[in-house]
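First to last, the protein sequences are chains X and W.
Under this note's numbering, think of the first position of the first sequence as 1, with each following residue one higher.
Under this note's numbering, think of the first position of the second sequence as 1, with each following residue one higher.
C-beta: ideal position from N, C-alpha, C; glycine also.
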Amino acid sequence: MGRSTYTFDVLVVGAGHAGTEAALAAARAGASVALLTSNLDTVAQMSCNPAIGGVAKGQLVREIDALGGAMGRAIDAAGIQFRMLNVRKGPAMHGPRAQADKRAYQQEVKRVVESQPGLALRQETVEDLLTESRRGERRARGVRVRGDAEYLAPCVVLTTGTFLQAVMHTGEQTTPGGRAGEGTTAGISEALRRLGFVVSRFKTGTPPRLNGRTIDYDRAERQPGDDTPRPFSFLRDRLEVEQIPCWTVHTNESVHALIRENLHRAPMYSGQIRSSGPRYCPSIEDKVVRFAEKARHQLFLEPEGRRTHEVYVNGLSTSLPRDVQDAVIQRIPALERAQIVRYGYAVEYDYCPPDQLWPWLETKRIRGLFFAGQLNGTTGYEEAGAQGLVAGINAALRLRDAPPLVLGRDQAYIGVMIDDLVTRGVDEPYRMFTSRAEHRMVLRHDNADRRLTPLGRRLGLVDEPRGRILEEKVGRIEETLSRIRSTRIGQSTLEEILRRPESTWETLVAMFPPLAEVPDPVLEQVVHDVKYAGYVFRQRQQVDRMARLAERSIPPDLDYDAIPHLRSEAREKLGRIRPLSLAQASRISGITPADLAVLLLRLEGRRPRPSPANDEP
Amino acid sequence: MSDVDTIVAIATPPGAAARGIVRISGPRAIDLLQSVFTPHVDDRQATECPAMGGVSAISDGGRLRTGGSPRVVSGVLRLADPFHLVECRLYLWPGRRGYTREPSGELHLPGSSPVLAAAVAALCRAGARIAEPGEFTLRAFLAGRIDLTQAEAVVGVIDARSRRELRTALRQLAGGLAAPLNELRDSLLDLLAGLEAELDFADEEIDRMSSAERRERIGAVANALERLSKRIGRRLARNEHPRVALTGAPNAGKSSLFNALAGDDAAIVADRSGTTRDYLSRTIDLDGLVVELIDTAGIDAHRVEDVESADAREAAREQVESADVQVHCVDGAAILGSCGVARLRERVEGRLIVRTKADLAQAWSDQELGQPTIAVSVVTGTGLDRLRAAARALTCAEADSEDVVMSTSHRCVESIDEALDALRAAVSAGDAAEWVAAELRGAADAIGRVAGSVHTDDILDRIFSRFCIGK
Chain X
1 MGRSTYTFDV LVVGAGHAGT EAALAAARAG ASVALLTSNL DTVAQMSCNP AIGGVAKGQL
61 VREIDALGGA MGRAIDAAGI QFRMLNVRKG PAMHGPRAQA DKRAYQQEVK RVVESQPGLA
121 LRQETVEDLL TESRRGERRA RGVRVRGDAE YLAPCVVLTT GTFLQAVMHT GEQTTPGGRA
181 GEGTTAGISE ALRRLGFVVS RFKTGTPPRL NGRTIDYDRA ERQPGDDTPR PFSFLRDRLE
241 VEQIPCWTVH TNESVHALIR ENLHRAPMYS GQIRSSGPRY CPSIEDKVVR FAEKARHQLF
301 LEPEGRRTHE VYVNGLSTSL PRDVQDAVIQ RIPALERAQI VRYGYAVEYD YCPPDQLWPW
361 LETKRIRGLF FAGQLNGTTG YEEAGAQGLV AGINAALRLR DAPPLVLGRD QAYIGVMIDD
421 LVTRGVDEPY RMFTSRAEHR MVLRHDNADR RLTPLGRRLG LVDEPRGRIL EEKVGRIEET
481 LSRIRSTRIG QSTLEEILRR PESTWETLVA MFPPLAEVPD PVLEQVVHDV KYAGYVFRQR
541 QQVDRMARLA ERSIPPDLDY DAIPHLRSEA REKLGRIRPL SLAQASRISG ITPADLAVLL
601 LRLEGRRPRP SPANDEP
Chain W
1 MSDVDTIVAI ATPPGAAARG IVRISGPRAI DLLQSVFTPH VDDRQATECP AMGGVSAISD
61 GGRLRTGGSP RVVSGVLRLA DPFHLVECRL YLWPGRRGYT REPSGELHLP GSSPVLAAAV
121 AALCRAGARI AEPGEFTLRA FLAGRIDLTQ AEAVVGVIDA RSRRELRTAL RQLAGGLAAP
181 LNELRDSLLD LLAGLEAELD FADEEIDRMS SAERRERIGA VANALERLSK RIGRRLARNE
241 HPRVALTGAP NAGKSSLFNA LAGDDAAIVA DRSGTTRDYL SRTIDLDGLV VELIDTAGID
301 AHRVEDVESA DAREAAREQV ESADVQVHCV DGAAILGSCG VARLRERVEG RLIVRTKADL
361 AQAWSDQELG QPTIAVSVVT GTGLDRLRAA ARALTCAEAD SEDVVMSTSH RCVESIDEAL
421 DALRAAVSAG DAAEWVAAEL RGAADAIGRV AGSVHTDDIL DRIFSRFCIG K
């Protein structure tokens, strides 16, 4: 029997949060796509906590939605508790977060994937990457899967998560595998090394899960959802959902003492794990050691779904042995009788340092090969989904040799994240924070549609109904703005009145009752536009001041070795990262203004310049 | 870097020069000059200057005209106290004929550092920005005035120099400025880490700072920065001759050498002796280069424990640190002390070692020291000329970098003032943490231009080491 061969435009390997968004985006943009996963029952699986969003991460989800992605709609359908975080801060700091029914979330994403025309979901285990050389350039050709079959396509998006050479640790025990109960993928790791990629190692961890029936909730503190849950997707105005509370409990000195006594059995401390993990998501061992002065640590009990009693103990990530995990749980008030249903574990996995990628997530080494998600050294479903979407659309654009999609740092959190990844690399798993975004005041979750949907529409990512919803909204925003600009109360326009710090929309409605009919999503934008106008103006000035020189583009093949006067450190870094603009070059760590000046001189030297003979204006 | 700003810098080396030049270039150059410069006569009668490619033209009536040809205009520059009105000549290129092909001008002023500094300050107040090292060259290149090789050579040299110059400028401005600046940068980063943790980790149990405490701490940083700014202002306004400090153990022969170098009446340029009882200084002429000679009264830059009074120690250390050149005296007739010899064996930039008392029997050789020395006797006068020449050469190498040191100093001041403005805005931003954070970030970036730039990673590092974050 001959080998089976299937031909597509785009192959996506891995059907997690990055893979599903990548496949959906490429298919929406018109490519024929195969989404390959080793297990059809774990599509869009939430391997870690059962929640989507949060501060900065919530903004990412809203951006994914604004570009037509699935994450926002899926969590709206599968959410069991919705909260807007940081509401006491200004609107740019608000971050939507929701607890998910894990199973329902997966099924919803799987249903969306299955319904997408042009997208074939297949259960296949990829064992090797196929490439070819054409016109002196290495290109992606497809993948070989278990069972003697090949999938061929000019574009391959790799989203293998934590499954490359994965090892799980629970105490002294180690098990190969990227997620409890599942295997690992060795073939792809070997292929990447063979193709010359630098492969590095990270670790991350999960906490134990409990049987909720055995938790004494009367002694835990209840954390309810918001009274009026706010949807993630711009396609919905409101959510009708019965919400389930989360609960908080605390560790105590007795727990900490127990952990300290058993530190030598924790793989992170015994030397069994050497790779670095995220500092913002430390294990309980780390917290007890590094913050010894803290008498207690907060833990969140998060239900994993409506139809299960399984409860995720957020804050208790650990790789301690089973017997210690049992004993720790029994010493926590409200959990004394609680039974662990899955033990916590740490996982070590391969990732590819992301400075090997262009800003559109294609590898510099192999044309047509794209990386997204945890493979790039990031963490989080939202970070993965956002990269997946960008890799997917860029794979589709690559097919027709159209210019790639690269979002700016002043345009989207997605732009900030990808620029950070490809320009500065990572030294711990990368998670989004608002403090990473220097333009965060304008990158609000509530205006993601205005920032990105028109772009999505042009790229074919966004369908006509979504485009129309935005157009209508923008029309009403402009209409309302012109109304408050032209309506005067005494000496001032309504806009001027609204700009005063003490004024709210209610102040205006009280002065001018017809405004009462403006719908919430519209008035929200009007209020923020007016109140933030001064800041936006200032920021715009700064951006413009920088823009003309800084946005000067740099050819990807510039020979840095041929530039005299460039310091050797600068030469090495620029040659490796190959920035595409002076602005990007300026963000590489260790690159000085003087390096940029030398670079600019060289770039200008390549262009025809005004002749010295031609003097007067 | 931007090519739309109007930039200004001093274009003559610090130290002695008959006249100094302040150069300005950019779209608003003429505007800004108008606000500080008044022509003596109608600008209409301005000297034609064929060398500049200009012809004379029409008038604006006592005011500088915005248009017209390149020309020279005499007039007065309005400066802050204590200078008021300073006579000067303005070389003006209103169109595209200047070095940078932008509207530009050169103010030719008396060669006094304080006056030049005041002129730069006045133009900055009017809206100009201090030029980055090499920026005029860059603009000239972009305008097609000079070719790539020339431009790269200049910028490359400036690149190598600019780090050292920043250090030099900091040293000259206020010996030991770097340390307090770093402390302030540190306090700012701590404040920012607290704020950012509060913003990014809404769900975590974090000790939050009350807004009253926060305001107080921002205020404290602002006050410290203001004191620094004033201190630098005083330094800048003061005589800025290059400084040569005599150092060495007590009885190494510094005072005799000081008298020998300064005591020759013909060499004394100005008598400013006895500034404090801890050091002496004289402005002297080193073969045509005017320098400030300082006797540190038994201070070794590294062995300050020799001095009993903490104040005196501080004053003396500041003198040594702010010097461009250190002339370190070692007694040639005494046995080399063991402590301190190790330091003498290290190569130190900007240091000369003098073997004093060369007329007596010598107790050690240069090989023993492992460093070349200049043997000097104040009794016979041996070696004094050699020392003068060496000190002069070294001073030129250390202090002379055309406009860079001066403009670096000015950029320090500008950055600090910008940071101060941002801190004041942070205080008035009230309770809104994200606004306060935005201003503090601005302040940290401004200080960062002098004391090491700030990246988000620096702030995140602090957050994770200070707060137990992690669900």
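Residue burial classification, residue i (beta-carbon count within 10 angstroms, cutoff 16)
| i | result |
| --- | --- |
| residue 204 of chain X | buried |
| residue 12 of chain X | buried |
| residue 428 of chain W | exposed |
| residue 472 of chain W | Past the boundaries of the shown model lies residue 472 of chain W; chain W is included only from 1 to 471, so the question cannot be answered. |
| residue 589 of chain X | exposed |
| residue 556 of chain X | exposed |
| residue 394 of chain X | buried |
| residue 159 of chain X | buried |
| residue 489 of chain X | exposed |
| residue 335 of chain W | exposed |
| residue 458 of chain X | exposed |
| residue 40 of chain X | exposed |
Span separating the alpha-carbon of residue i from that of residue j
| i | j | result |
| --- | --- | --- |
| residue 56 of chain W | residue 501 of chain X | Any answer about residue 56 of chain W is weak, because its pLDDT of 39 lies below 50 and its placement is not dependable; what the coordinates show is given next. Looking at the two C-alpha atoms, the distance is approximately 55 Å. |
| residue 124 of chain W | residue 181 of chain W | 22 Å |
| residue 228 of chain X | residue 324 of chain X | 41 Å |
| residue 64 of chain W | residue 466 of chain X | 59 Å |
| residue 401 of chain X | residue 363 of chain X | 16 Å |
| residue 515 of chain X | residue 237 of chain X | 19 Å |
| residue 443 of chain W | residue 421 of chain W | 8 Å |
| residue 531 of chain X | residue 433 of chain W | 16 Å |
| residue 101 of chain W | residue 280 of chain X | 52 Å |
| residue 24 of chain W | residue 418 of chain W | 20 Å |
| residue 529 of chain X | residue 461 of chain W | 34 Å |
| residue 446 of chain W | residue 225 of chain W | 12 Å |
| residue 15 of chain X | residue 187 of chain W | 46 Å |
| residue 185 of chain W | residue 200 of chain W | 22 Å |
| residue 406 of chain X | residue 539 of chain X | 21 Å |
| residue 56 of chain X | residue 449 of chain X | 16 Å |
| residue 67 of chain X | residue 470 of chain X | 12 Å |
| residue 444 of chain X | residue 412 of chain X | 9 Å |
Rounded distance between the beta-carbons of residue j and residue i, thought under 8 Å
| i | j | result |
| --- | --- | --- |
| residue 44 of chain X | residue 214 of chain X | Not really, about 29 Å apart at Cβ, beyond 8 Å. |
| residue 278 of chain X | residue 431 of chain X | 7 Å |
| residue 22 of chain X | residue 157 of chain X | 5 Å |
| residue 384 of chain X | residue 268 of chain X | Their Cβ separation, rounded to whole angstroms, is 24 Å, which puts residue 384 of chain X and residue 268 of chain X out of contact at 8 Å. |
| residue 574 of chain X | residue 586 of chain X | Rounded, the Cβ-Cβ distance is 11 Å, inconsistent with contact. |
Residue from the options with nearest C-alpha to residue i
| i | options | result |
| --- | --- | --- |
| residue 214 of chain W | W/250, W/227, W/21, W/194 | W/194 |
| residue 321 of chain X | X/334, X/343, X/50, X/90 | X/343 |
| residue 97 of chain X | X/584, X/90, X/60 | X/60 |
| residue 342 of chain W | W/255, W/325, W/356, W/371 | W/371 |
| residue 428 of chain X | X/249, X/480, X/275 | X/275 |
| residue 81 of chain W | W/111, W/117, W/255 | W/117 |
| residue 139 of chain W | W/466, W/8, W/30, W/393 | W/8 |
| residue 295 of chain W | W/287, W/286, W/323 | W/323 |
| residue 249 of chain X | X/492, X/260, X/223 | X/223 |
| residue 359 of chain W | W/258, W/333, W/107, W/210 | W/333 |
Exercise for review: Report the residue ranges of all beta strand (DSSP E) runs contained in full by the stretch 334-417 of chain X; include only those spanning at least 3 residues, in chain order.
Suggested key: Counting only runs of 3 or more, we get 340-342, 345-351, 369-371.
Practice item. Note down, one range per segment and in chain order, each alpha helix (DSSP H) of at least 4 residues found wholly within the stretch 247-298 of chain X. Key: Runs found: 253-261, 267-270, 284-290.
Review point. Which residue spans inside the stretch 142-218 of chain X form an unbroken beta strand (DSSP E) run of at least 3?
Key: Look at the stretch 142-218 of chain X and you find these whole runs of beta strand (DSSP E), each 3 residues long or longer: 149-152, 155-158, 167-170, 173-176, 200-206, 209-211.
Point to revise | Completely contained beta strand (DSSP E) runs for the stretch 86-122 of chain X, where each covers 3 or more residues | key: Under the rule that a run must span 3 or more residues, the beta strand (DSSP E) segments found entirely inside the stretch 86-122 of chain X read 95-100.
Check your understanding: Where are the alpha helix (DSSP H) runs, 4 residues long or more, that stay fully inside the stretch 513-594 of chain X, in chain order?
Key -> Listed in chain order, they are 520-550, 568-577, 582-587.
Point to revise | Residues in the stretch 179-205 of chain W having any Cβ partner in chain B nearer than 7 Å | key: Within the model displayed, chain B is absent; protein chains X and W are what it includes.
Review point. What are the uninterrupted segments assigned as alpha helix (DSSP H) that are 4 or more residues long and contained completely in the stretch 64-91 of chain W, given in chain order?
Key: If only uninterrupted alpha helix (DSSP H) runs of at least 4 residues are considered, none is enclosed by the stretch 64-91 of chain W.
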